[in-house]
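Participant: Let me give you the structure first, and then I'll get to my questions.
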Amino acid sequence: MFAKKFLGQSFLKDHKVLERIAEVVDIKKDDTVVEIGPGHGELTRRILKYSPKRLVAIEKDGELIDAFLGELINEYPNLQIIQSDALKEIPKIDYPYKLVGNIPYYITGHLLRILQEASQKPSLIVLTLQKEVANRLCAKPPETNLLAATGQFWAKPEIVRYISKKSFKPSPKVDSAVVKIIPFNPQPPEEESLAYYTLVKSLFKQPRKTILNNLKSLGATKDTLLDAGIDPSARPQNLEVKDIVKLSTLFTHK
Numbered sequence: 000m001f002a003k004k005f006l007g008q009s010f011l012k013d014h015k016v017l018e019r020i021a022e023v024v025d026i027k028k029d030d031t032v033v034e035i036g037p038g039h040g041e042l043t044r045r046i047l048k049y050s051p052k053r054l055v056a057i058e059k060d061g062e063l064i065d066a067f068l069g070e071l072i073n074e075y076p077n078l079q080i081i082q083s084d085a086l087k088e089i090p091k092i093d094y095p096y097k098l099v100g101n102i103p104y105y106i107t108g109h110l111l112r113i114l115q116e117a118s119q120k121p122s123l124i125v126l127t128l129q130k131e132v133a134n135r136l137c138a139k140p141p142e143t144n145l146l147a148a149t150g151q152f153w154a155k156p157e158i159v160r161y162i163s164k165k166s167f168k169p170s171p172k173v174d175s176a177v178v179k180i181i182p183f184n185p186q187p188p189e190e191e192s193l194a195y196y197t198l199v200k201s202l203f204k205q206p207r208k209t210i211l212n213n214l215k216s217l218g219a220t221k222d223t224l225l226d227a228g229i230d231p232s233a234r235p236q237n238l239e240v241k242d243i244v245k246l247s248t249l250f251t252h253k
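For reference, each letter of the sequence shown is one residue, going 0 to 253 in numbering that gives the first Met the number 0.
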């Protein structure tokens, strides 16, 4: 069966990488695991070998379900297959779970926003992302960016390993990375989160400008930044998340 470009399909075929992904999910007997885009079932089978309490596989393509996934139902009673869009299903989840997936790259930003805003977050997230996006998400100073500042506020992301584009069929144009994301527990309070995201948008609106210039609209001055231990002439890329939290407390809690 040919991959459907309009669905962003590209199937991971490297057995060592698939084994590593399943291993990183750290599946326990009482875990519920949600898999996004099981495709041909390569990762699905490896997850099932760890005998989770339940595996919920969300696949948008009905033809893939019929050709590759349907037969697994009889073999594994703990497997549930949902034909739907994962972006619509994830917000509905109201039970503890771990999330894993070799996702279509075009849904990455939307999925991360959904997870960021979800009241029921996974305890662990393992995703295959475009290498460049993975590097941006996990970046530290002096390469802090909007994605890193946003993602690292509610979770701890780390790159597990890189994957060559040759490991996929059909091969995408870019290399990939397996990223493990551990949401913080407890999560930051809602009021603190709103203040933080408000400030981050202003801070990285023009990332080549200084911190002072980007935050003037929120009332920042050279003296207030210096008093907070922040160099007014530095660029946002030099800030750690803890520095941005400090700034959000200063300039959005009025």
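Beta carbons: idealized from backbone N, C-alpha and C, even for Gly. The structure presented is a predicted model; accordingly, all values stated were derived computationally and were not measured.
1) Could you check what DSSP says for Y161 in three-state terms: helix, strand or coil?
2) In whole angstroms, give me the CA-to-CA distance for L71 and D84.
3) What first and last residue would you give for the beta strand (DSSP E) that runs through Q82?
4) Kindly indicate which residue of H109, E142 and Y104 has the alpha-carbon position closest to the one of Q129.
5) From the DSSP output, which residues share a beta bridge with L123?
6) Can a CB atom of chain C be found closer than 8 angstroms to the CB of T248?
7) How would you label D242, buried or exposed, when you count the other beta carbons within 10 angstroms and need 16 or more for buried?
8) For V33, I'd like the list of residues in its chain whose CB is within less than 6 angstroms of its CB, leaving aside the five on either flank, ordered along the chain.
9) Going along the chain, which residues of its own chain have a beta-carbon closer than 6 angstroms to the beta-carbon of K59, five neighbours each way excluded?
10) Taking only three categories from DSSP, how would you classify S118?
11) Any idea which residues DSSP pairs E34 with across the strands?
12) Could you compute how far the alpha carbon of F10 sits from the alpha carbon of I102?
13) Let me check one thing: in DSSP terms, what residues is A85 bridge-paired to?
14) Buried or exposed for G38, please, with buried defined as at least 16 other CB atoms from any protein chain shown within 10 angstroms of its CB.
15) Would you report the Cα separation of T143 and E62, rounded to the nearest angstrom?
16) Are L211 and A219 closer than 8 angstroms when you measure CB to CB?
17) Can you tell me which of R112, I89, T127 and G40 puts its alpha carbon nearest to the alpha carbon of A154?
18) Using CA coordinates, which residue listed in F203, V23 and F250 is at the minimum distance from A233?
19) Ignore the nearest five residues each way along the sequence and tell me which others in A133's own chain have a CB closer than 6 angstroms to its CB.
20) Hey, L123 and I181: beta-carbon distance below 8 angstroms or not?
21) Tell me, which residues are paired with A154 by DSSP?
22) Quick check on DSSP: helix, strand or coil for S170?
23) Tell whether a beta-carbon distance below 8 angstroms holds between T31 and Y94.
24) Can you name the start and end residues of the alpha helix (DSSP H) that S201 belongs to?
25) Within 10 Å of its beta-carbon, does Q151 have 16 or more other beta-carbons around it, so buried, or fewer, so exposed?
Facilitator: So, to answer that:
1) The residue labelled residue 161 in the question sits at position 162 within the sequence shown. Looking at Y161 - three-state DSSP - the assignment turns out to be strand.
2) On the sequence shown, position 72 is the one that residue 71 refers to. On the sequence shown, position 85 is the one that residue 84 refers to. Going from the Cα of L71 to the Cα of D84 covers about 20 angstroms.
3) The residue labelled residue 82 in the question sits at position 83 within the sequence shown. From DSSP, the beta strand (DSSP E) with Q82 extends over L78 to Q82.
4) For the purposes of this step, residue 129 is identified with residue 130 of the sequence shown, where counting begins at 1. The candidate whose alpha carbon is nearest that of Q129 is Y104.
5) Walking along the sequence shown from the start, residue 123 turns up at place 124. According to DSSP, L123 bridges with K97.
6) Judged by its chain identifiers, the structure shown contains no chain C, having just a single protein chain.
7) Indexing the sequence shown from 1 puts residue 242 at position 243. That one is buried.
8) Numbered from its first residue, the sequence shown carries residue 33 at position 34. Hits under 6 angstroms: V55, Y96 and L98.
9) Numbered from its first residue, the sequence shown carries residue 59 at position 60. Correct list, in chain order: D84.
10) Within the sequence shown, numbered from 1, the residue matching residue 118 stands at position 119. Note: S118 maps to coil in three-state DSSP.
11) The residue given as residue 34 occupies position 35 in the sequence shown. DSSP, once it has assigned bridges, lists A56 and V99 as partnering E34.
12) Walking along the sequence shown from the start, residue 10 turns up at place 11. Walking along the sequence shown from the start, residue 102 turns up at place 103. Going from the Cα of F10 to the Cα of I102 covers about 10 angstroms.
13) Counting from one through the sequence shown, the residue named residue 85 turns up at place 86. None; A85 has no bridge partner.
14) One-based indexing of the sequence shown puts residue 38 at position 39. Buried, because 16 or more other Cβ atoms sit within 10 Å of the Cβ of G38.
15) Counted from its first residue, the sequence shown places residue 143 at position 144. Counted from its first residue, the sequence shown places residue 62 at position 63. Between the alpha carbons of T143 and E62 lies a gap of roughly 41 angstroms.
16) By 1-based counting over the sequence shown, the position of residue 211 is 212. By 1-based counting over the sequence shown, the position of residue 219 is 220. Yes; because the gap between Cβ atoms is below 8 angstroms, this pair is in contact.
17) Working through the sequence shown from its first residue, we reach residue 154 at position 155. With distances taken between Cα atoms, A154 lies closest to R112.
18) Looking up residue 233 in the sequence shown gives position 234. Closest by alpha carbon: F203.
19) Within the sequence shown, residue 133 is the residue found at index 134, counting from 1. Same-chain partners within the cutoff: I158, A176 and V178.
20) Here the question's residue 123 lines up with position 124 in the sequence shown. Here the question's residue 181 lines up with position 182 in the sequence shown. Their beta carbons are under 8 angstroms apart, which means L123 touches I181 by this criterion.
21) Translated into positions along the sequence shown, residue 154 becomes position 155. BP columns for A154 point to P182.
22) One-based indexing of the sequence shown puts residue 170 at position 171. In the structure shown, S170 sits in coil (DSSP, three-state: anything other than H, G, I, E or B).
23) Sequence index remark: in the sequence shown, residue 31 carries index 32 (1-based). Sequence index remark: in the sequence shown, residue 94 carries index 95 (1-based). Going by C-beta atoms, T31 is nearer than 8 angstroms to Y94.
24) Counting from one through the sequence shown, the residue named residue 201 turns up at place 202. Residues E189 to L202.
25) Start at 1 with the first residue of the sequence shown, and residue 151 comes out as number 152. Label assigned to Q151: buried.
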